[in-house]
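Data block below; observations after.
In the working numbering, the protein residues as written are 1 to 264.
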């Protein structure tokens, strides 16, 4: 955490994080244009933020996109805010955002990067084998993982099938992407969603998630990007809280053979 606090201590670096929080996935040129800083200065600050894992980068063609990474900040919150206080803190943060922010055209992508002591092949198995996904996620994902193939979700005894639940990209050991599941009344009942919450989820456009896998020494860098949300997305709010827990449990399973206890 020392690196995180050191990175956050600089006002210019906090401005960069604010810029990415407002609009995630910016190039270096876009970040420079939005801030009164030279390109070289922005590059140096981004290097410090990347070293602290507060910023992660994803290449899309010739472009290098920068994303705010929630992992270290989430770790700080978990250290000093227990799960009972978290709901109250989230409620106050939501109220502050609602009062201060202007509506956006669309909610930004959710991007999360973590490092796991494993191999790309074993991580791929963890993402695609239903026996594995059920252990750390509580969800069975059934597919042959060929591009265009359907993905069937089974959670808490409820099966979700839809022609639009499909594999978008599949490069074993490197990259996987698929569309998110349909929200059904049956799923809402077992998940404890109210009728209003289900209505909000069903009115969201169908989102998609991608997993980029990169070997880095004895570790594998996993970058999860979940995007395609509408404005004020209920789905984004849900996955923003869900992905950190799911990926922490996946990391623990791959590194220790055990999953995190429920509620951790």
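We put the beta carbon where it would ideally sit given N, CA and C, even for glycine.
It should be emphasised that the depicted structure is a prediction, and the values quoted were computed from it without experimental measurement.
Option in the options with minimal Cα separation from residue i
i           : options               : result
residue 9   : 171, 146 and 48       : 48
residue 174 : 161, 127, 193 and 135 : 127
residue 227 : 216, 219 and 204      : 204
residue 201 : 120, 219, 233 and 118 : 233
residue 244 : 153, 113 and 162      : 113
residue 117 : 218, 3 and 249        : 218
residue 231 : 62, 108 and 42        : 108
residue 240 : 209, 252 and 222      : 209
residue 136 : 115, 246, 158 and 185 : 246
residue 242 : 46, 45 and 191        : 191
residue 237 : 27, 75, 110 and 37    : 110
residue 162 : 199, 184 and 172      : 184
residue 267 : 1, 172, 196 and 159   : Because residue 267 is not part of the residues shown, which for the chain are 1 to 264, the question remains open.
residue 252 : 152, 11 and 115       : 115
residue 215 : 248, 130 and 172      : 172
residue 178 : 187, 193, 212 and 188 : 212
residue 2   : 41, 56, 259 and 51    : 51
residue 225 : 259, 193 and 56       : 56
residue 153 : 140, 132, 145 and 164 : 140
residue 63  : 25, 235 and 74        : 25
residue 235 : 193, 258 and 259      : 193
residue 258 : 151, 188, 33 and 134  : 134
residue 248 : 60, 70, 170 and 19    : 70
Cβ-Cβ separation, residue j to residue i (assumed contact under 8 Å), whole Å
i           : j           : result
residue 180 : residue 149 : Going by Cβ atoms, the distance from residue 180 to residue 149 rounds to 16 Å, so no, they are not a contact pair.
residue 220 : residue 120 : 6 Å
residue 21  : residue 65  : Actually they are not in contact, since the Cβ atoms of residue 21 and residue 65 sit about 15 Å apart, beyond 8 Å.
residue 4   : residue 223 : Wrong, their Cβ atoms sit about 18 Å apart, outside the cutoff.
residue 54  : residue 28  : Between residue 28 and residue 54 the Cβ distance is about 16 Å, and since that is not below 8 Å, they are no contact.
residue 32  : residue 23  : The Cβ separation is near 14 Å, so there is no contact.
Contacts around residue i, its chain only, beta-carbon distance under 6 Å, and the 5 residues preceding and following it disregarded
i           : result
residue 263 : For residue 263, the predicted model reports a pLDDT of 46, less than 50, meaning its position is unreliable and no value from the coordinates is stated.
residue 6   : none
residue 250 : 126 and 136
residue 256 : none
residue 142 : 130 and 152
residue 188 : 198
Own chain, CB closer than 7 Å to residue i, minus 5 neighbours either side, in chain order
i           : result
residue 14  : 8
residue 104 : With a pLDDT of 49 at residue 104, under the threshold of 50, the modelled position of that residue is not reliable, and the figure given next carries that caveat. Excluding sequence neighbours, residue 104 sits near 231.
residue 123 : 116, 213, 220, 222 and 254
residue 164 : 179 and 206
residue 196 : none
residue 186 : 158
residue 132 : 125 and 126
residue 74  : 244
Neighbourhood of residue i by C-beta, 8 Å cutoff - its chain only, sequence neighbours within 5 removed
i           : result
residue 92  : Residue placement at residue 92 is poorly supported in this model, since its pLDDT is 46, which falls under 50; the coordinates still yield a value, given next. Correct list: empty, nothing qualifies.
residue 95  : Because the pLDDT of residue 95 is 45, which lies under 50, any placement of that residue in the model is unreliable, and the question is left without a value.
residue 138 : 155 and 156
residue 168 : 147, 177, 178, 179, 208 and 210
residue 45  : 10, 12, 13, 16 and 37
residue 41  : 12
residue 43  : 28
residue 19  : 26, 31, 34 and 35
Host beta strand (DSSP E) of residue i (start-end)
i           : result
residue 256 : First-last for residue 256: 234-256, but that is the alpha helix (DSSP H), not the beta strand (DSSP E).
residue 28  : Per DSSP, residue 28 belongs to no beta strand (DSSP E); it is in the alpha helix (DSSP H), 28-34.
residue 59  : 55-60
residue 225 : 219-227
residue 109 : Run containing residue 109: none; DSSP gives neither H nor E here.
residue 70  : No beta strand (DSSP E) contains residue 70, which DSSP labels as neither H nor E.
residue 210 : 208-216
Continuous alpha helix (DSSP H) stretch holding residue i: start and end
i          : result
residue 5  : 2-8
residue 18 : 11-22
residue 47 : 39-51
Fill in: Ranges of the beta strand (DSSP E) found wholly within the segment 117-194, counting only runs of at least 3
List check, beta strand (DSSP E) in window: 139-142, 152-155, 158-160, 167-171 and 175-179.
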